[in-house]
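Notes to accompany the following structure.
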Amino acid sequence: MSSAAEIVEMFEEDRSALKRLVKLIVTEPELRLIIVEAALREITTKQDLEKHHTMTKKEIEKYYQAYKQ
12 MSSAAEIVEM
22 FEEDRSALKR
32 LVKLIVTEPE
42 LRLIIVEAAL
52 REITTKQDLE
62 KHHTMTKKEI
72 EKYYQAYKQ
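The numbering of the sequence shown is the numbering used here, which starts it at 12 and goes up by one.
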């Protein structure tokens, strides 16, 4: 088993150590920023939804016009 796998296994067994590690990470501004930026990349924005809505509307209109003819 690799060292990384062993470390993960140890944290799975010792939840209080895992919590202490998380507290250490989130108290470091630089690390906290990295986590927040990573999470933000996964979030759908209102602008994303509006763009998708507009594109879908155009597609529906295109198919409607083709069907109408």
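The C-beta atom is built at its ideal place from N, Cα and C for all residues, glycine as well.
Note that the structure is predicted; figures quoted are calculated from it, not measured.
Considering just the uninterrupted stretch of the alpha helix (DSSP H) at Thr67, what are its terminal residues? In the sequence shown, counting from the first residue as 1, residue 67 sits at position 56. Element bounds for Thr67: 57 to 79.
For Ile36, collect the residues of the same chain with a Cβ closer than 8 angstroms to its Cβ; drop the 5 residues on either side in sequence, then sort them by chain order. The sequence position of residue 36 within the sequence shown is 25, counting from 1. Leaving aside the five residues that flank Ile36 on each side, the residues in its chain whose CB is nearer than 8 angstroms to its CB run, in chain order, Leu42, Arg43, Ile46.
Three-state secondary structure (DSSP) at Glu17? By one-based count along the sequence shown, residue 17 stands at place 6. Helix at Glu17.
DSSP three-state label for Ile46, please. Within the sequence shown, residue 46 is the residue found at index 35, counting from 1. DSSP places Ile46 in helix when its eight states are reduced to three.
For Ile36, the first and last residue of its enclosing alpha helix (DSSP H): Your numbering for residue 36 matches position 25 in the sequence shown. First-last of the alpha helix (DSSP H) with Ile36: 26 to 37.
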